[in-house]
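Report on the following structure.
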Amino acid sequence: MTEDEAARPGSGAAAAHRWQAATDARCVLLDGFHALKHALRFGADVRVAVTADRPGLLRLAAELAPDLTAELAGRVAEVPGPVLRELVPRVHPTGVAALAARPDRAANLADLHRIPRLAPLVVLDSPRNLGNVGAVIRLAAGFAATGVVTTGDLDPWHPNAVRSGAGLHYATAVERADPDALPPGPRYVLDPEGEDIRDTGLPDDALVVFGSERHGVSAALRDRADALVSLPMRAQVSSYNLATSVGMALYHWAATSRSPLVPGRGGPGGH
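Counting from 1 along the sequence shown, just add 1406 to a position and that's the residue number in my numbering.
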């Protein structure tokens, strides 16, 4: 690619050049139309977006996100199919990919630590499955939770988590933290021996702590709980999927809270 080709606005060569620059800047991969749609709606700094079928992408936008059609028309560059396959290891069925800057960690942590808090914060204690992490973040965004904090080794901004979260990492605060440095607030730990969640309320400022399906919450976090709560479950069923458990708990909060952030009660709606 020549310098003239790289500099030409809107050209496939220019887009490929910007993609490489964004990759070098350790930007986050937005894999597919829905990930790009949500990232744009929630203010992501999208550095470059590409597709091998721009007319098809704009038809999809007109059907599923008419609020973004004009922005996508001005932002997404068309590249040849072979070039797209070089840029993205596995091309999404919607045929679009983008790179966006990861939010500032200090700003995210400030949001997570800010008091008073009007919606719970989800804590995932040493999760093991990136797909589950992304699914939880998608749920947290849908319920307008304050954010999602993970402990342990997994990066919640890993591309596989962002893919399963459909770009909704940008709709809430997502960070990894040490168990000894969690944000303030009463800790409600999900545990089979806890009180039935239907018999208690989840405060708006709660940290709702979930462990993995296999190991549960660590003893250290369990010992620091302000309350242990359990989800209703049929005898001889060992556990729910992590995202299912989070969805049940957040629905209980939404059904019992008077917070203005509860979706459908003056809080954020969407599609």
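Note that beta-carbon positions come from the ideal geometry of N, C-alpha and C, so glycine has one too.
Predicted model only: the values in this text are computed from it and were never measured.
Taken in chain order, the whole alpha helix (DSSP H) runs of length 4 or more contained in the stretch 1547 to 1571 are 1565 to 1570. A contact is defined here as three or more CB-CB pairs under 8 Å, and the stretch 1499 to 1506 meets this definition with respect to the stretch 1425 to 1445. The count of Cβ pairs closer than 8 Å, one atom from the stretch 1523 to 1541 and one from the stretch 1488 to 1499, stays below three, leaving the stretches out of contact. Non-local beta-carbon contacts of L1466 in its own chain, meaning distances under 7 Å to residues more than five positions away in sequence, involve F1439 and T1500 in chain order. In this structure, the beta-carbon distance from S1618 to R1534 falls below 8 Å.
Per the C-alpha coordinates, the member of R1593, E1599, S1645 and W1563 positioned closest to R1620 is S1645.
Sixteen is the threshold: since fewer than 16 other Cβ atoms of the shown chains lie within 10 Å of the Cβ of D1602, the residue is exposed. Nearest in C-alpha terms to A1550, of all of T1429, G1670 and A1626, is G1670. Restricting attention to beta strand (DSSP E) runs no shorter than 3 residues, the stretch 1428 to 1503 encloses them at 1434 to 1437, 1452 to 1457 and 1482 to 1484, ordered along the chain. When L1536, P1562, A1587 and D1531 are compared, the shortest CA-CA separation from R1508 is found for P1562.
Cα atoms of S1663 and L1608: separation of roughly 8 Å, rounded to the nearest angstrom.
Taking P1666 as reference, the option from V1454, T1552 and G1537 with the minimal CA-CA separation is T1552. Exposed is the label assigned to R1432, since fewer than 16 other Cβ atoms lie within 10 Å of its Cβ. About 5 Å separates the beta carbon of A1567 from that of L1536, a gap short enough to meet the 8 Å contact definition. Annotation: the stretch 1618 to 1670 contains the following complete segments of the beta strand (DSSP E) (minimum length 3 residues), in chain order: 1633 to 1636. The C-beta separation of S1624 from D1531 comes to about 6 Å, placing the pair in contact by the 8 Å criterion. When only Cα atoms are considered, G1449 and N1647 end up about 30 Å apart.
Bridge partners of V1580 according to DSSP: V1554. For G1607, the three-state secondary structure derived from DSSP is coil. Residue range L1527 to L1530 is occupied by the beta strand (DSSP E) that includes L1527. Counting of Cβ neighbours within 10 angstroms places P1461 among the exposed residues, the total staying below 16.
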